[in-house]
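K.L.:
Sharing a structure, written as structure tokens. Questions coming.
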Amino acid sequence: MSTPFSTPVANPGARLAIIGCGAVVDHHLLPALKRQGWAPSVLIDRSPERLALLAGRAGRRRADIVTAADWRDVADRFDAALVATPHTTHGPIGLALLEAGKHVFMEKPLATTGAEGEAMIAAAGRLGLVLAVGLLRRNLAIADWTRALIASGTIGTIRRVDAREGFVFNWATSSDALLRRDLSGGGVLMDTGAHTLDILGHWLGTMEPVRYRDDGASGVEADCVAEFALDGGGEVRVELSRTRNLANTARIEGTHGHVEVALYRNEVVAGSPNALAFTHAGVSGTTMKPQLFPALFDAEMRDFRDAVAQGRPPAVGGAEGLASVRRIERCYALREPLEQPWDAAHAALADGLPPGARAVVTGASGFIGGRLVEWLLRAGVDVTCIIREIGSATRLARLPVRLVKADLTDPAAIGAALAGADTVFHCAYDPRSRRQNLEGARVLIEAAAEAKVRRLVHVSTFSVYEPFPPTPLTEETRDGDRAWIYVKDKLDIEGQMLAAARDGRVPATVVQPTIVYGPFCKPWTNAPAEELIHGEVVLPDGGAGRCSAVFVDDLVDGMLLAATRDAAVGERFILSGPDTVSWGTFFGEFARALGVPGPTSWPLAEVSKQNQGFVRDVKLVLRNPKRIVQIIVRWPPARSALQAGLDALPKPLRALVDRYYFGGGGPVFGALIVPDPQKAALYTTRATAEIGKARRMLGYAPRFAFADGMRETKPYLVWAYADLVRAARRARGTSAPPAAPVGTPVADAR
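The sequence shown begins at 2 in this note's numbering and counts up by one.
What follows is the structure, given as structure tokens:
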């Protein structure tokens, strides 16, 4: 059903305004408009920088483009508007535009309340205006094919649907609107869910919410689970995530068959024979051709242009947009907390920061900083989180914290963030820039001195001693190899912190975590899990090297002790767990938790042979061509070309980008994962980390032996990687049997 219309007046020469010049416009909608030959003549945004950037890319002479901060100031200069502003402004802006006689294309969601959506639809119908909604998945061939399959009765009455959509959010957003409930109206349900619930409703008809849970009690949710009832008695379960890469499919089970289809690309993943054989518009589940994202944006921009020019309803109008808004609104009304086992609070140390204390955490969007923030909030501490990239802060946005987007090298911004703080935890590190790290530390120290903080705790690493000597590691161990930039940076930052403490400028201390693992840890939880799922993990010499691991909650205990013990000032402390294990055991426990094959062993000499620079890189690229494009788009000129418009790229590069970047495709399995030289040295070390100094001076008493920490981590691994494990098993089952492991299985040598 489309928006009800009075007879509209065709306007083939409509002048277009873009209201909201953020990332989705820059990366997708503006390039699509240019490909349709409908360049905007008016740009509206409150940011002069965004206006200048988009004006230079709009496809017109700069002198022919009108820019303004408020559309009402230039209302006589356009006839139709594309609106891509924060979600909660969609309803008010859309209604005002329609009442001013403007055709409207509204980026999803149509609005954040059903009442706002209804008002917009009524205005469009009364005034004979186009109201289109950016639900671009309606343009996928699989959308029509799946709807036709269900309507045909081929798989019978629908009994159960399981839809799972998620990715680790890293969108290069130009504002914090998505992380603020007052601007976003919600989190992953309002954002991704607008697409997911729309396409499911397009297929299934009426979906009545019966239960809804999410993790965003005090902010915007990053993960949610919604359950719906169908008219025919079927059940629908929808799981959405900004923290995990999920299957991104919907499995639809009927009384006579089943099908599993991708949610945002033309792919039938699996199905019963009758479903796979079903044909609609000459297309079956096995013959569907891909459609790439640029083509989908092209389709919706072309439809809006033609609807305005021809005076007809759009393909996806206000009524379609309103249906998903109503589902979302009803879900939020049923909200319950989404509780996870790893969120349970363990008995905290008695002498942490007191309730009401004010703490600032840099690098708070990272794994260690994020867990620290959760602990501080449980203790009643007022927390300010300094972040550099908005897109990385989706988990923080769930929490009642103050988010400050700032560059650590900006003295004014950092000074303002630290004003009134009692304690500062410096967890940030930028692997891209030595200057950023050193200058950022200097600015932070000066700001901490100005704020007269009681403690500045710097999170360093025990890697400052790498390559490790064949003796126990203590705080007196000689420095590591400064030729390794990470070691050099961390040592130099430690030097700044300890010098500030010696000089009496700031009561600073340094903690040196070992191998930190636990839920959401990228380097030592997610990465090992993904390597084990994707292929064969090789460990040198039987994996017998020693691993000094620390569960994240033990590390947070140590950080809080360093923040409160007077003896900590001017000192550095290695923080590790109460035991050590072999690297074979470390990887083996992850494999057991995931239900995948464990690591295998090669002689160290063979590992070294495989690490001959160019040969290694060629093998990586041949195994996964997408790596080429991922490398290319990190190059600033190439990235700028992509953002400005794909048509600026040479045809061969455009084809490569289309296929491997926008086209995506499934994960690659069967890889042989050989450690690089630095990892090989780590995996063969006999050195173990000693925590005697932290025990004596801080009272540090780690509570999680490795077996205990893995017991806490296993539920997270299953939650985060069940879909990927299923995909790996499916890949093994539908291709030739995997070759025998190159190396011998690694024994569990604790």
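Every residue, glycine too, gets a C-beta built ideally from N, C-alpha and C.
For the alpha helix (DSSP H) containing residue 225, list its first residue and its last residue.
P.N.:
Numbered from 1 along the sequence shown, position 224 holds the residue referred to as residue 225. Taken as a continuous stretch (DSSP letters only), residue 225 belongs to no alpha helix (DSSP H), being part of the beta strand (DSSP E) at 224–231.
K.L.:
Is residue 364 near residue 428, with beta carbons less than 7 Å apart?
P.N.:
Indexing the sequence shown from 1 puts residue 364 at position 363. Indexing the sequence shown from 1 puts residue 428 at position 427. Their beta carbons are under 7 Å apart, which means residue 364 touches residue 428 by this criterion.
K.L.:
Could you tell me which whole beta strand (DSSP E) segments of length 3 or greater appear in the stretch 215–281?
P.N.:
Counting whole runs of 3 or more residues, the stretch 215–281 contains the beta strand (DSSP E) stretches 224–231, 236–242, 250–255, 259–263, 269–272.
K.L.:
Could you name the residues of the same chain whose beta carbon sits closer than 6 Å to that of residue 303, not counting the 5 residues immediately before and after it, in chain order?
P.N.:
By 1-based counting over the sequence shown, the position of residue 303 is 302. Contacts found: 37.
K.L.:
Do the stretch 696–712 and the stretch 482–497 meet, that is, are 3 or more Cβ pairs less than 8 Å apart?
P.N.:
no
K.L.:
Within 10 angstroms of the Cβ of residue 733, are there 16 or more other Cβ atoms? Answer buried if so, exposed if not.
P.N.:
Along the sequence shown, one-based indexing puts residue 733 at 732. Exposed.
K.L.:
Quick one: is residue 472 buried, meaning 16 or more other Cβ sit within 10 Å of its Cβ, or exposed?
P.N.:
Numbered from its first residue, the sequence shown carries residue 472 at position 471. Exposed, because fewer than 16 other Cβ atoms sit within 10 Å of the Cβ of residue 472.
K.L.:
Please go through the same chain and pick out, in chain order, the residues whose beta-carbon is closer than 7 Å to the beta-carbon of residue 86, but skip the five residues on each side of it.
P.N.:
Here residue 86 corresponds to residue number 85 of the sequence shown, with the count starting at 1. Cβ neighbours of residue 86 beyond the five flanking positions: 20, 21, 94.
K.L.:
Around the C-beta of residue 171, are 16 or more other C-beta atoms found within 10 angstroms, so that it is buried, or is it exposed?
P.N.:
Locating residue 171 in the sequence shown gives position 170, where the first residue counts as 1. Label assigned to residue 171: exposed.
K.L.:
Less than 7 Å between the C-beta atoms of residue 452 and residue 419, yes or no?
P.N.:
Against the sequence shown, residue 452 aligns to sequence position 451. Against the sequence shown, residue 419 aligns to sequence position 418. Contact: yes.
K.L.:
Which one of 314, 138, 258 has the shortest CA to CA distance from residue 297?
P.N.:
Walking along the sequence shown from the start, residue 297 turns up at place 296. The shortest C-alpha separation from residue 297 is found at 138.
K.L.:
Is residue 39 helix, strand or coil by DSSP?
P.N.:
Numbered from its first residue, the sequence shown carries residue 39 at position 38. The answer is coil: DSSP assigns residue 39 none of H, G, I, E or B.
K.L.:
For residue 205 and residue 148, I'd like the C-alpha separation in whole angstroms.
P.N.:
The count along the sequence shown starts at 1 and reaches residue 205 at position 204. The count along the sequence shown starts at 1 and reaches residue 148 at position 147. Rounded to whole angstroms, the separation of the alpha carbons of residue 148 and residue 205 is 8 Å.
K.L.:
To the nearest angstrom, how far is the alpha carbon of residue 236 from that of residue 267?
P.N.:
For the purposes of this step, residue 236 is taken as the residue at position 235 of the sequence shown. For the purposes of this step, residue 267 is taken as the residue at position 266 of the sequence shown. Rounded to whole angstroms, residue 236 to residue 267 spans 24 Å at the Cα level.
K.L.:
Among residues of its own chain, excluding the 5 on either side of residue 715, which ones have a beta-carbon nearer than 6 Å to its beta-carbon?
P.N.:
Start at 1 with the first residue of the sequence shown, and residue 715 comes out as number 714. 594, listed in sequence order.
K.L.:
With residue 326 as the anchor, note down where its alpha helix (DSSP H) starts and where it stops.
P.N.:
Counting from one through the sequence shown, the residue named residue 326 turns up at place 325. Unbroken alpha helix (DSSP H) run through residue 326: 319–334.
K.L.:
In the DSSP assignment, what residue or residues form a beta bridge with residue 100?
P.N.:
The sequence position of residue 100 within the sequence shown is 99, counting from 1. As computed with DSSP, residue 100 is found in no beta bridge at all.
K.L.:
Kindly list the residues whose CB is nearer than 6 Å to the CB of residue 240, restricted to its own chain and excluding five residues on each side of it in sequence; keep chain order.
P.N.:
For the purposes of this step, residue 240 is taken as the residue at position 239 of the sequence shown. Taken in chain order, the residues that qualify are 165, 226.
K.L.:
Roughly how many angstroms separate the alpha carbons of residue 74 and residue 44, rounded to a whole number?
P.N.:
For this step, residue 74 is matched to residue 73 along the sequence shown. For this step, residue 44 is matched to residue 43 along the sequence shown. Straight-line Cα distance between these residues: approximately 12 Å.
K.L.:
Can you tell me which of the three DSSP states residue 623 falls into?
P.N.:
Numbered from its first residue, the sequence shown carries residue 623 at position 622. Bear in mind that the predicted position of residue 623 carries a pLDDT of just 47, short of 50, making it unreliable; the figure below should be weighed with that in mind. Helix at residue 623.
K.L.:
Can you tell which of 724, 50, 62, 396 has the C-alpha that lies nearest to the C-alpha of residue 70?
P.N.:
On the sequence shown, position 69 is the one that residue 70 refers to. Nearest C-alpha to residue 70: 50.
K.L.:
Determine, using beta carbons only, whether residue 82 and residue 18 come nearer to each other than 7 Å.
P.N.:
As a first step, residue 82 must be located in the sequence shown, where it is residue number 81. As a first step, residue 18 must be located in the sequence shown, where it is residue number 17. Yes.
K.L.:
Using C-beta distances below 8 Å, list every residue in its chain close to residue 720, excluding the 5 sequence neighbours before and after it, in chain order.
P.N.:
One-based indexing of the sequence shown puts residue 720 at position 719. Counting only Cβ-Cβ distances below 8 Å, and skipping sequence neighbours, we find 245, 341.
K.L.:
When you compare only the Cα positions, how much space is there between residue 688 and residue 551?
P.N.:
Residue 688 sits at position 687 when you count from the first residue of the sequence shown. Residue 551 sits at position 550 when you count from the first residue of the sequence shown. Distance between the alpha carbons of residue 688 and residue 551 is about 15 Å.
K.L.:
By how many angstroms is the C-alpha of residue 79 removed from the C-alpha of residue 12?
P.N.:
Translated into positions along the sequence shown, residue 12 becomes position 11. Translated into positions along the sequence shown, residue 79 becomes position 78. The alpha-carbon atoms of residue 12 and residue 79 are separated by roughly 12 Å.
K.L.:
So within the stretch 368–455, which uninterrupted beta strand (DSSP E) runs reach at least 3 residues, ignoring any that extend past its ends?
P.N.:
383–388, 403–406, 424–427
K.L.:
Mind checking who residue 135 pairs with in its DSSP beta bridge?
P.N.:
Locating residue 135 in the sequence shown gives position 134, counting from the first residue. DSSP lists 108 as partners of residue 135.
K.L.:
What number of angstroms, rounded off, separates the C-alpha of residue 1 from the C-alpha of residue 231?
P.N.:
Residue 1 lies beyond the residue range present for the chain, which begins at 2 and ends at 751; the question has no answer from this structure.
K.L.:
Answer with buried or exposed for residue 257, where buried requires no fewer than 16 other C-beta atoms within 10 angstroms of its C-beta.
P.N.:
Residue numbering aside, residue 257 sits at position 256 when the sequence shown is read from its first letter. Residue 257 comes out exposed.
K.L.:
Let me make sure I understand the geometry here. Which of 327, 448, 470 has the alpha-carbon closest to that of residue 507?
P.N.:
By 1-based counting over the sequence shown, the position of residue 507 is 506. Of the listed residues, the one whose Cα sits closest to residue 507 is 448.
K.L.:
Hey, how far is the Cα of residue 598 from the Cα of residue 537?
P.N.:
Within the sequence shown, the letter at position 597 stands for residue 598. Within the sequence shown, the letter at position 536 stands for residue 537. About 8 Å.
K.L.:
Under 7 Å between the Cβ atoms of residue 511 and residue 573?
P.N.:
The sequence position of residue 511 within the sequence shown is 510, counting from 1. The sequence position of residue 573 within the sequence shown is 572, counting from 1. Yes, the pair counts as a contact, with Cβ atoms nearer than the cut-off.
K.L.:
Would residue 337 be called buried (16 or more neighbouring beta carbons within 10 Å of its own) or exposed?
P.N.:
Sequence index remark: in the sequence shown, residue 337 carries index 336 (1-based). By the 10 Å Cβ count, residue 337 comes out exposed.
K.L.:
Please go through the same chain and pick out, in chain order, the residues whose beta-carbon is closer than 8 Å to the beta-carbon of residue 354, but skip the five residues on each side of it.
P.N.:
As a position in the sequence shown, residue 354 is number 353, starting the count at 1. Correct list, in chain order: 360, 377, 380, 382, 423, 424, 561, 564, 565.
K.L.:
Quick one: grab the DSSP three-state call for residue 213.
P.N.:
Numbered from 1 along the sequence shown, position 212 holds the residue referred to as residue 213. Residue 213 falls in the strand class under three-state DSSP.
K.L.:
Can you tell me where the beta strand (DSSP E) with residue 765 in it begins and where it stops?
P.N.:
Here the chain has residues from 2 to 751 only, and residue 765 is not among them.
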